[in-house]
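Data block below; observations after.
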Amino acid sequence: DAKTTQPTSMDCAEGRAANLPCNHSTISGNEYVYWYRQIHSQGPQYIIHGLKNNETNEMASLIITEDRKSSTLILPHATLRDTAVYYCIRGGHAGKSTFGDGTTLTVKP
Amino acid sequence: EPEVTQTPSHQVTQMGQEVILRCVPISNHLYFYWYRQILGQKVEFLVSFYNNEISEKSEIFDDQFSVERPDGSNFTLKIRSTKLEDSAMYFCASTEDLLYGYTFGSGTRLTVV
Chain A
1 DAKTTQPTSM DCAEGRAANL PCNHSTISGN EYVYWYRQIH SQGPQYIIHG
51 LKNNETNEMA SLIITEDRKS STLILPHATL RDTAVYYCIR GGHAGKSTFG
101 DGTTLTVKP
Chain B
110 EPEVTQTPSH QVTQMGQEVI LRCVPISNHL YFYWYRQILG QKVEFLVSFY
160 NNEISEKSEI FDDQFSVERP DGSNFTLKIR STKLEDSAMY FCASTEDLLY
210 GYTFGSGTRL TVV
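Chains A and B, in that order, are what the protein sequence lines are. Each residue of the first sequence is one higher than the one before, starting from 1 at the first, in the numbering used here. Each residue of the second sequence is one higher than the one before, starting from 110 at the first, in the numbering used here.
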């Protein structure tokens, strides 16, 4: 039970922003939201994480709603190399990340 | 950029044989993990390791599995008597802090024949 809900798949045009939603309505107050991606059968790659505030790094931005029940990962200018499965995960001091089915993002030329 | 290194990249073994999968986590990381992914399925948590002991394990991690950090740099996963259903990609991961993201290795593809 991954405890997050994501759409199965999404498409995005190359160069446009990719907005990937995640629902985590039962998240507890001390749990963070983490995003990873997996390209083909490579190891998962950490992207970003946050607790309450919106976060940005060199890879992406993370927007967390005020009630913390959902979040959106934003890839501002998607490229073909961003085609991957994106996982939204709840975690924190529990010490493990449980992966769900994720969203398969396909970036198209 | 620091990497988690896993060897071998692919291992084929006969059913019933013992295998050891090896990982070198990032040097200043303190928490270590093994995950597996059966072809076409989810990434599944196996075990977490901290301060030279298992901190958490899943129901998959039964008596056939064991982990060890033998020398302060390597982190190994041993499967004592492999079964066909152990065929999967095995990923090692590490992190400096429980609240940080994990860094994963590129995996070992284990094929049991």
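From the three backbone atoms N, C-alpha and C, an ideal C-beta is built for every residue, glycine too.
Interface annotation for the region 147-165 of chain B against chain A: Lys151, Val152, Phe154, Ser157, Ser164, Glu165, criterion Cβ-Cβ distance under 7 Å.
Our two residues, Thr114/B and Gly29/A, have alpha carbons roughly 34 Å apart in a direct line. Here the region 173-192 of chain B does not lie against the region 11-28 of chain A, with fewer than 3 beta-carbon pairs under 8 Å apart.
When CB distances to chain B are screened at a threshold of 9 Å, the residues of the region 85-102 of chain A falling below it are Tyr87, Gly91, Gly92, His93, Ala94, Gly95, Lys96, Ser97, Thr98, Phe99, Gly100, Asp101, Gly102, in chain order. With 16 or more other CB atoms across the displayed protein chains lying within 10 angstroms of its CB, Asp82/A is buried. Close to Gly210/B, with beta-carbon spacing below 7 Å, are these residues of chain A in chain order: Tyr34, Tyr46, His49.
With respect to chain B, the C-beta atom of Gln42/A has a partner C-beta closer than 9 Å. Assigned with DSSP and collapsed to three states, Arg81/A falls in helix. With respect to Ser196/B, Ile135/B sits apart: the two C-beta atoms are not nearer than 9 Å. Excluding five sequence positions before and after Thr104/A, the CB atoms of its chain that fall closer than 6 Å to its own CB belong to Ser9, Val85, given in chain order. By the neighbour-count criterion, in which 16 or more other beta carbons inside 10 Å mark a residue as buried, Lys192/B falls on the exposed side.
Put simply, the CB of Gln38/A is near chain B, with a gap under 9 Å to one of its CB atoms. Under the three-state reduction of DSSP output, Glu112/B falls in the coil class, being neither helix nor strand.
Counting along the chain, Phe141/B sits inside the beta strand (DSSP E) bounded by residues 140-146. Distances from the CA of Cys201/B to each of Leu207/B, Arg189/B, Leu155/B were compared; the closest alpha carbon is that of Leu155/B.
For Ser215/B, the C-beta contacts it makes with chain A under 8 Å involve Gln42, Gly43, in order along the chain. DSSP links Gln45/A through a beta bridge to Arg37/A.
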